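Here the first sequence is numbered in full-length UniProt numbering, starting from 1 and rising by one per residue. We treat Cβ as the ideally placed atom computed from N, Cα and C, and that holds for glycine. Computed from a prediction, not measured in an experiment: that's the story for all the values here.
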Amino acid sequence: MFNKYFSLGSRSTIDVNCTVTAVMGHLTSTDFENTNSIAKWCNDDLQLQYLLSTVPIRTYVQGENNPQIALNIYNLCERADHLIICTDCDTEGEYIGWEVLMAANYGLHFEKERDCSVLKEALSNKVRFNSGNVWRMEFSNVEKNHLKKAVTNPKKLDPKKVEAVRTRIEFDLRTGSILTRYLTNHYRKTPYAEDAKNLLVSYGSCQFPALGFVVDRYDRISNFTPEEFYYIYIKTELAKNKVGWARPNLYDRFATSLIYENVINMDSDVVTVSSVVKKHRIDYSPQPLTTVELQKECSRLFNFSAKETLKHAENLYQSGFISYPRTETNCYPPDFDFDSVINQLSNMPEYTPYCEKIVNEGALFKKPRNGSKNDFAHLPIYPLLSVSQNVKNTWTSQKKLVYNFVCVKFLASCCKDAIYNTCTVTLNWGKTSTQEGVDFVQKAEILQEANYKEVISLMFSKNQKKGKSKEVINLKLAELKVGDKIKLLETGVGIGKTTPPPWLKEAGLITLMDINGIGTDATIGEHIETLKTRNYIKCEDRTKYLKPTALGISLIHGFQKMGLGPIITKPFFRSEMEQSLHKIISGQLQGRDVLNQCMRSYSKVLKTTIQKGHILIGEAKVN
DNA sequence: GCAAGGTC
Numbered sequence: 001m002f003n004k005y006f007s008l009g010s011r012s013t014i015d016v017n018c019t020v021t022a023v024m025g026h027l028t029s030t031d032f033e034n035t036n037s038i039a040k041w042c043n044d045d046l047q048l049q050y051l052l053s054t055v056p057i058r059t060y061v062q063g064e065n066n067p068q069i070a071l072n073i074y075n076l077c078e079r080a081d082h083l084i085i086c087t088d089c090d091t092e093g094e095y096i097g098w099e100v101l102m103a104a105n106y107g108l109h110f111e112k113e114r115d116c117s118v119l120k121e122a123l124s125n126k127v128r129f130n131s132g133n134v135w136r137m138e139f140s141n142v143e144k145n146h147l148k149k150a151v152t153n154p155k156k157l158d159p160k161k162v163e164a165v166r167t168r169i170e171f172d173l174r175t176g177s178i179l180t181r182y183l184t185n186h187y188r189k190t191p192y193a194e195d196a197k198n199l200l201v202s203y204g205s206c207q208f209p210a211l212g213f214v215v216d217r218y219d220r221i222s223n224f225t226p227e228e229f230y231y232i233y234i235k236t237e238l239a240k241n242k243v244g245w246a247r248p249n250l251y252d253r254f255a256t257s258l259i260y261e262n263v264i265n266m267d268s269d270v271v272t273v274s275s276v277v278k279k280h281r282i283d284y285s286p287q288p289l290t291t292v293e294l295q296k297e298c299s300r301l302f303n304f305s306a307k308e309t310l311k312h313a314e315n316l317y318q319s320g321f322i323s324y325p326r327t328e329t330n331c332y333p334p335d336f337d338f339d340s341v342i343n344q345l346s347n348m349p350e351y352t353p354y355c356e357k358i359v360n361e362g363a364l365f366k367k368p369r370n371g372s373k374n375d376f377a378h379l380p381i382y383p384l385l386s387v388s389q390n391v392k393n394t395w396t397s398q399k400k401l402v403y404n405f406v407c408v409k410f411l412a413s414c415c416k417d418a419i420y421n422t423c424t425v426t427l428n429w430g431k432t433s434t435q436e437g438v439d440f441v442q443k444a445e446i447l448q449e450a451n452y453k454e455v456i457s458l459m460f461s462k463n464q465k466k467g468k469s470k471e472v473i474n475l476k477l478a479e480l481k482v483g484d485k486i487k488l489l490e491t492g493v494g495i496g497k498t499t500p501p502p503w504l505k506e507a508g509l510i511t512l513m514d515i516n517g518i519g520t521d522a523t524i525g526e527h528i529e530t531l532k533t534r535n536y537i538k539c540e541d542r543t544k545y546l547k548p549t550a551l552g553i554s555l556i557h558g559f560q561k562m563g564l565g566p567i568i569t570k571p572f573f574r575s576e577m578e579q580s581l582h583k584i585i586s587g588q589l590q591g592r593d594v595l596n597q598c599m600r601s602y603s604k605v606l607k608t609t610i611q612k613g614h615i616l617i618g619e620a621k622v623n
């Protein structure tokens, strides 16, 4: 298996001692050289330019357990001929791989500035672990054959990916530091600073665009002026409720009344079925579960914050009940063993009847509909172990809900799609040879095959049945034929009002962050939490609406009035930087150049902010 | 004390 590492042909045999050890995320932190307390920098805005460009940064082993971990790697490597790095197969994983390589060569002592040139040094032959004996294993799950393949096809660390992450780290650190210092200093002089010494107004390239989304929604709601609109409605023998006309509503009361008078003068007390369209609608079974989906759904269904959800999922993962909960992947590998998971779940009595219908390609089974996302580091989130009632009784209700959600989503994703028969009936009132009359549309939907929906019902408490009256109407509608006449019970002109967009809830914010590339699966929840702890936004207890505070609004509006809205409060700059990072990986750009360009932009931002800072403060006072 | 990214 290890022949390639020793440049041996496949027929040779060799005895290899293999030691496996681990890291826990990043080994290092990156910070400015010397201590740079906020207090020190807060008093002089002009000095902030130095923090942005000149003050050197250093990367050093930091964290509660990391010195021991780095030392452990160093000690074990003393006896090793080869080093195989098996961190996650994403860019952050590549960077952590570089940290491991540094620990192997230098132990704890890489507190000196060691940039990517040192990686080149490490990959040349100047150090003990170098391009000749350091390997990178590429794997995305721990299935046996997959791992075997990865071990027998070792790759090399990719310096470009390391450089990309290093660029992101430096960018985040420098831009975050200067604006956090500036804002903290200046807001301490405003009425917000009840406790001036402790007020902290932070800026980050993820938290600000996220705050921007919340304030943007607030603006759209507060600038909204409702408008009256008019429509014609009928009530028929078919149902008790009003049915509005099929055409778009009119904002002109007089025009609506004219149309109404035209048809009411026909003196007709029936509507005629003018068309019946019958179709199928496929309601797709859920896709394999990603972190972002888990957080959105748990927020929607159980009102959990994204952070809470991840905490419970993490807990379940650490006790072996579910797979790794931080993943962007929504597809399974072709050889994934669905049956063994389904069999595992059938240990739980409430799931057994459903599992029996799914397992061994049972009546309900269909291979999950794979999505298009793959982080190449982890599988989707799925259950690993069933839980006994006794153990389950010791869990908190939230933990039970998250576990149940993961199980049910998995089973549902292994089911056929649900199929509805739909029936769209157009009713016409007042059509003659000389005029068109008015159309009203009624739709019926009848569930033909529940399939995955049968399983989904496990997620909700029992006795959740939809009103029977609706089903009766559905059946009545489905039986109608063109030309049928239906008696009118009531007609009239209705008045409505346009409504503002709804307040953003956590699920909506997660969606916006996800599609705009703000944060990652593991950090989106953290960023939202930061907005709350900084007192930029508040989550209403009852409604779960996310509303910006006066402070949050003043920040976003202030930057917008300074003309810095697009770069500071919108997601474009962050997305652009992510694209530049990809260009570093593909070799089109150098890390240094990307950094210089970003820093030039932020240097202008800082200059403008210092010049026009009074706008921000003015904004703060108004609110 | 501050960023964002890993991880427990």
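Following the DSSP letters along the chain, one finds Phe254 inside the alpha helix (DSSP H) bounded by residues Arg253 to Ile264. One Cα belongs to Cys423, the other to Leu477, and the distance between them is close to 7 angstroms.
For Gly212, the uninterrupted alpha helix (DSSP H) segment begins and ends at Gln207 to Ser222.
Out of Gly517, Ile342, Asp195 and Lys583, the CA that lies nearest to the CA of Glu361 is found in Ile342. Under the three-state reduction of DSSP output, Gln442 falls in the strand class.
The stretch 56-66 makes no contact with the stretch 74-88, as fewer than three CB pairs between them are under 8 angstroms.
The beta carbons of Val408 and Ile456 sit closer together than 8 angstroms. Asp90 sits in coil when the DSSP states are folded into three classes, being neither helix nor strand. The beta carbons of Val276 and Leu488 sit no closer together than 8 angstroms.
Taking each of Leu385, Val402, Gln448 and Ser433 in turn and checking the Cα distance to Lys416, the smallest one comes out for Gln448. Around the beta-carbon of Thr609, 16 or more other beta-carbon atoms lie within 10 Å, marking it buried. Of the candidates Thr520, Leu509, Arg542 and Asp541, the residue whose Cα lies closest to the Cα of Leu531 is Leu509. Between Thr543 and Pro226, the C-beta spacing is not below 8 angstroms. Annotation: the continuous beta strand (DSSP E) that includes Leu546 extends over Leu546 to Pro548.
In the same chain as Pro548, and ignoring 5 residues on each side of it, the C-beta atoms closer than 6 angstroms to its own belong to Val214, Val215, Tyr218 and Ile537, in chain order. Around the Cβ of Pro334, a 10 Å sphere holds fewer than 16 other Cβ atoms; the residue is exposed.
The three-state reading of DSSP puts Asp195 in coil, since its state is none of H, G, I, E or B.
Across the structure, Glu356 and Leu310 are spaced so that their CA atoms are roughly 30 angstroms apart. Considering only Tyr50, Gln611 and Thr523, the residue with the shortest C-alpha distance to Glu308 is Thr523.
Within the DSSP bridge table, the entry for Gly244 names Tyr233 as partners.
For Gly496, the uninterrupted beta strand (DSSP E) segment begins and ends at Lys485 to Lys497.
Annotated three-state conformation of Leu427 is strand, per DSSP.
Gly430 sits close to Ser268, with the two beta carbons spaced by under 8 angstroms.
The C-alpha of Thr329 lies about 35 angstroms from the C-alpha of Asp81. Contact between His109 and Leu616 does not hold, since their C-beta atoms are separated by about 44 angstroms, which reaches or exceeds 8 angstroms. Runs of the beta strand (DSSP E) lying entirely within the stretch 507-562, each at least 3 residues long, are 537-539 and 546-548 in chain order. Residue state for Gln62 is assigned as coil, using DSSP reduced to three classes. Judged by beta-carbon spacing, His378 lies within the 8 angstroms limit of Thr327, meaning their Cβ atoms are closer than that value. Contact fails between the stretch 5-15 and the stretch 578-591, because fewer than three Cβ pairs, one in each stretch, are under 8 angstroms apart. Selection Asp521, Ala507 and Cys18 evaluated against Asn303 yields Ala507 as nearest (Cα-Cα). In this structure, the CA atom of Arg166 is about 19 angstroms from the CA atom of Ala70.
When rounded, the separation of the alpha-carbon atoms in Gln590 and Gln597 is 11 angstroms. Residue environment for Ser323: buried (at least 16 other C-beta atoms within 10 angstroms of its C-beta). The beta carbon of Phe405 sits closer than 6 angstroms to none of the beta carbons in its chain outside the five residues before and after it. Separation of the CB atoms of Val23 and Glu94 is rounded to 13 angstroms, and the pair is thereby denied contact status at 8 angstroms.
Taking one beta carbon from each stretch, the stretch 395-403 and the stretch 426-442 have fewer than 3 pairs nearer than 8 angstroms; the two do not touch.
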